[in-house]
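J.: Each residue of the sequence shown is one higher than the one before, counting from 18 in our numbering.
Every residue, glycine too, gets a C-beta built ideally from N, C-alpha and C.
Predicted, not measured: the structure shown is a model, and the values here were computed from it.
Have a look at the structure that comes next, please.
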Amino acid sequence: MENAAPNSPYDAEQPSISDPGWTLRRRLLVIITIALLPVVGVSIFQGVERVKRDTEDVRAQLIQSARATAANQQEVLNAGEQILRAMGSLQDVRDMSGNCDGILADAMIGVSYFTNLSRIDANGTFVCSAVPLAKGINIGKLPVFDRIKAAKGVVVGTRTISQASGRPVVGTQLPLLKADGSFDGSLAIVLDAQWFGYLLRAHPLPKGAVAVVYDRNGAILATNDATVAPAIAAAAMKAGFPDGASLDAYQAGRAWRFGNTALMGDTLFVAFAEQEDRLFGQTYVHVGIDFLLPIAMILFAWIAIWFATDRQVTQWIFYLRRIAIAYRSGHYTIRPDLADAPTEFKQLGEAMSEMAGGIQDRDRRLREAVNLKTTLIREIHHRVKNNLQIVMSLLSIQANQVKDPHARDALMQAQTRINALALVHRILNELEDQSTLDLKQLLDELSRQIAEGMGDTEHVRVEVDVPHMVVNSGIAVALALFTVEALTNIFKHAYPLQRRGVITVGLAPDGPGKLKLSIADDGIGFAMDETGKSVGSRLIRTFGAQLGGVSSVHSEAGRGTVVELVFPDPGLKERAARAGVVEKAPAPAGG
Numbered sequence: 018m019e020n021a022a023p024n025s026p027y028d029a030e031q032p033s034i035s036d037p038g039w040t041l042r043r044r045l046l047v048i049i050t051i052a053l054l055p056v057v058g059v060s061i062f063q064g065v066e067r068v069k070r071d072t073e074d075v076r077a078q079l080i081q082s083a084r085a086t087a088a089n090q091q092e093v094l095n096a097g098e099q100i101l102r103a104m105g106s107l108q109d110v111r112d113m114s115g116n117c118d119g120i121l122a123d124a125m126i127g128v129s130y131f132t133n134l135s136r137i138d139a140n141g142t143f144v145c146s147a148v149p150l151a152k153g154i155n156i157g158k159l160p161v162f163d164r165i166k167a168a169k170g171v172v173v174g175t176r177t178i179s180q181a182s183g184r185p186v187v188g189t190q191l192p193l194l195k196a197d198g199s200f201d202g203s204l205a206i207v208l209d210a211q212w213f214g215y216l217l218r219a220h221p222l223p224k225g226a227v228a229v230v231y232d233r234n235g236a237i238l239a240t241n242d243a244t245v246a247p248a249i250a251a252a253a254m255k256a257g258f259p260d261g262a263s264l265d266a267y268q269a270g271r272a273w274r275f276g277n278t279a280l281m282g283d284t285l286f287v288a289f290a291e292q293e294d295r296l297f298g299q300t301y302v303h304v305g306i307d308f309l310l311p312i313a314m315i316l317f318a319w320i321a322i323w324f325a326t327d328r329q330v331t332q333w334i335f336y337l338r339r340i341a342i343a344y345r346s347g348h349y350t351i352r353p354d355l356a357d358a359p360t361e362f363k364q365l366g367e368a369m370s371e372m373a374g375g376i377q378d379r380d381r382r383l384r385e386a387v388n389l390k391t392t393l394i395r396e397i398h399h400r401v402k403n404n405l406q407i408v409m410s411l412l413s414i415q416a417n418q419v420k421d422p423h424a425r426d427a428l429m430q431a432q433t434r435i436n437a438l439a440l441v442h443r444i445l446n447e448l449e450d451q452s453t454l455d456l457k458q459l460l461d462e463l464s465r466q467i468a469e470g471m472g473d474t475e476h477v478r479v480e481v482d483v484p485h486m487v488v489n490s491g492i493a494v495a496l497a498l499f500t501v502e503a504l505t506n507i508f509k510h511a512y513p514l515q516r517r518g519v520i521t522v523g524l525a526p527d528g529p530g531k532l533k534l535s536i537a538d539d540g541i542g543f544a545m546d547e548t549g550k551s552v553g554s555r556l557i558r559t560f561g562a563q564l565g566g567v568s569s570v571h572s573e574a575g576r577g578t579v580v581e582l583v584f585p586d587p588g589l590k591e592r593a594a595r596a597g598v599v600e601k602a603p604a605p606a607g608g
């Protein structure tokens, strides 16, 4: 008894599996994947919710930053509105009489943001002005003056070029009404547009952020990044200048997200923008983790299952399968070495060892029974051969005492037939397998014995052309007796007066599933009507029928005789049976 290590020589032989199906490893991978799918779903849901939450937080942050950036500009515009309302309460200014110009000029003292303060009549003509150069200018045909006529409160204009100073300015007007409620002109205060830039620079911005002050026409009043500002203003204009909204803009392949807020009225706007990858950088990281973490869990679970099944399951399955291959080959002394294997495989190995021991014990008993049977059969063949030899001796003694030549020939013929039976039993007695024998060996020895016993071996030669073929004893006896009858008839009749010749014994295929035994001589032959009634001819037909075949004799005077027997190939059924067993044998099970 020996223990087979996992790296034994049997490792090289692996049984083929026609349909491997789903392996244990693949099944475990699918089960773990399905078990982790809820985790994947939860992680995806968390990632989507995180994106929504962060997007809303960014929107609120951008709008708040835009309003904080617009605070200084809003204060300046509120200051201008207060000046206009204060001047609109003075009667001289409303009536455009008295010291109207002086009052307006005094109001501008100490106010650095504004460049002019004027009283405009109902026709749009500057009647009173802190800056004398502005008097007489008419804006009645400008669209902004139509807006003032229809307005109920302060109206802030877009960026224009002052006709008095030639500088970019933004005007703010307060419409004035008569006692009857009719339009009576307006008060206008002009803000130098450069102050928007000063105010914007005075407000610190985060690194990488862009602030833009622009009007409804898309004109940029102030910004800290002139390359990005036009794209932001264009995006806001396309969206309709929404107040308190978060919008997207694209410049040179970069995505920007900005908050938009309106200054006084709906003419001037302030936008605060940052790049999306900067705003959502942490969001991308967190969402990526939410999506990748369950995938990583599945991958690590796959790797763990792969190595665990290999080290704890499939390694021992393959090892036990190699042990089974060794048992199939008859090596029942091998015992599996499962010292490092899990308990379940140890139990399986013990069961296989017990099975191998049981098979060994059964084989031992079978061998003993076969050996006993072989000894008994050999003894039977030996006794049959001895008894047949005794019969041959008795026939020989009797033949020597008989005076009648015909009786002597009949006894000698019987002796030859019995000798053929004895030869079959002698060959069977000498073989390992007591039930089959080689047809070539049988016909060689039988032909030699008949030639030596009945013919003149110096003048007549027997040639045997029979392939090696194993047949059972029943077929061998019938073929032997058929050959005896044919050869004895040839020796008795074909070569009289020491005529020389050759007798040929041959066996060859004759069509599908058939064999033909032919025994031919080149003797004197005979006319066909002379045969068919003798004992030998009847025995030839009888022995041929025992084989399920058809015998025939062909002869012509002076041209020799051919005795043929066409019978079914005895090996055909055995080969077909073996092929059927192979085809129906189930494929070995695989793990």
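Mind listing, in chain order, the continuous beta strand (DSSP E) runs of no fewer than 3 residues lying wholly within the stretch 187-224?
T.: As far as the stretch 187-224 is concerned, its whole beta strand (DSSP E) runs of at least 3 residues are 200-209.
J.: For A147, which residues of its own chain have a beta-carbon under 6 Å away from its beta-carbon, when the five flanking residues on both sides are left out?
T.: Excluding residues within five positions, the ones whose Cβ falls inside 6 Å are L121, A122, M125, N133 and L134.
J.: Hey, out of D163, F275, G141 and F162, whose CA is closest to I154's CA?
T.: Answer by Cα proximity: G141.
J.: Quick one: measure Cβ to Cβ for L193 and D201, integer angstroms, because I've assumed they're closer than 8 Å.
T.: Right, the Cβ-Cβ distance comes to about 5 Å (below 8 Å), so this counts as a contact.
J.: At the level of alpha carbons, what is the spacing between T331 and L41?
T.: In a straight line, the C-alpha of T331 is about 8 Å away from that of L41.
J.: Please report the residue range of the alpha helix (DSSP H) in which F335 lies.
T.: F335 -> alpha helix (DSSP H) spans Q332 to R345.
J.: When the Cβ atoms of the stretch 49-56 are set against those of the stretch 280-292, are three or more pairs found closer than 8 Å?
T.: No, because fewer than three Cβ pairs between the stretch 49-56 and the stretch 280-292 fall closer than 8 Å, the two stretches do not touch.
J.: Have a look at A96, Q91 and V144 and flag the residue whose alpha-carbon is nearest the alpha-carbon of D109.
T.: For the residues A96, Q91 and V144, the minimum Cα distance to D109 belongs to V144.
J.: Evaluate the contact criterion for the stretch 334-343 versus the stretch 355-372: three or more CB pairs, one atom per stretch, below 8 Å.
T.: Touching, yes.
J.: Which one or two residues does DSSP pair with T177 in a beta bridge?
T.: T177 is bridged to V186.
J.: Quick check: what's the CA-CA separation for L46 versus M314?
T.: For L46 and M314, the distance between alpha carbons rounds to 12 Å.
J.: Using DSSP with H/G/I as helix, E/B as strand and the rest coil, what is E600?
T.: Bear in mind that the predicted position of E600 carries a pLDDT of just 47, short of 50, making it too unreliable to give a figure here.
J.: Under a Cβ-count criterion, where at least 16 other Cβ atoms within 10 Å of its own Cβ denotes burial, should P587 be classed as buried or exposed?
T.: So P587 ends up on the buried side.
J.: Counting along the chain, where does the beta strand (DSSP E) carrying V580 start and finish?
T.: Segment G577 to P585, the beta strand (DSSP E) holding V580.
J.: Grouping DSSP H, G and I as helix and E and B as strand, with all else coil, what is V65?
T.: V65 falls in the helix class under three-state DSSP.
J.: For Q268, which beta-bridge partners are listed by DSSP?
T.: In the DSSP output, where bridge partners are listed per residue, Q268 has R271.
J.: If I'm right that F213 touches V229 with Cβ under 8 Å, what's the distance once you round it to whole angstroms?
T.: No, F213 and V229 are not in contact; Cβ-Cβ is about 10 Å, not under 8 Å.
J.: Does the beta-carbon distance from H571 to V579 come in below 9 Å?
T.: Against a cut-off of 9 Å, the Cβ pair of V579 and H571 comes out as a contact.
J.: Please state if the CB of L208 and the CB of T189 are separated by a distance shorter than 9 Å.
T.: It is a contact, given that the beta carbons lie within the stated cut-off.
J.: Which of the three DSSP states, helix, strand or coil, is assigned to N155?
T.: In the structure shown, N155 sits in a strand (DSSP, three-state: E or B).
J.: Could you give the DSSP three-state label for Y27: helix, strand or coil?
T.: In this prediction, Y27 scores a pLDDT of 45, lower than 50, which makes its location untrustworthy; the coordinate-derived value is nonetheless stated afterwards. Correct three-state label for Y27: helix.
J.: Can T292 and W273 be called in contact, C-beta distance under 9 Å?
T.: What sits at residue 292 in the sequence shown is Gln, not Thr. Closer than 9 Å, so yes.
J.: May I have the straight-line CA-CA distance separating A562 from R345, to the nearest angstrom?
T.: Going from the Cα of A562 to the Cα of R345 covers about 43 Å.
J.: In its own chain, which residues sit with a C-beta less than 7 Å from the C-beta of Q377, not counting the 5 before and 5 after it?
T.: So the list reads Y349, once near-sequence residues are dropped.
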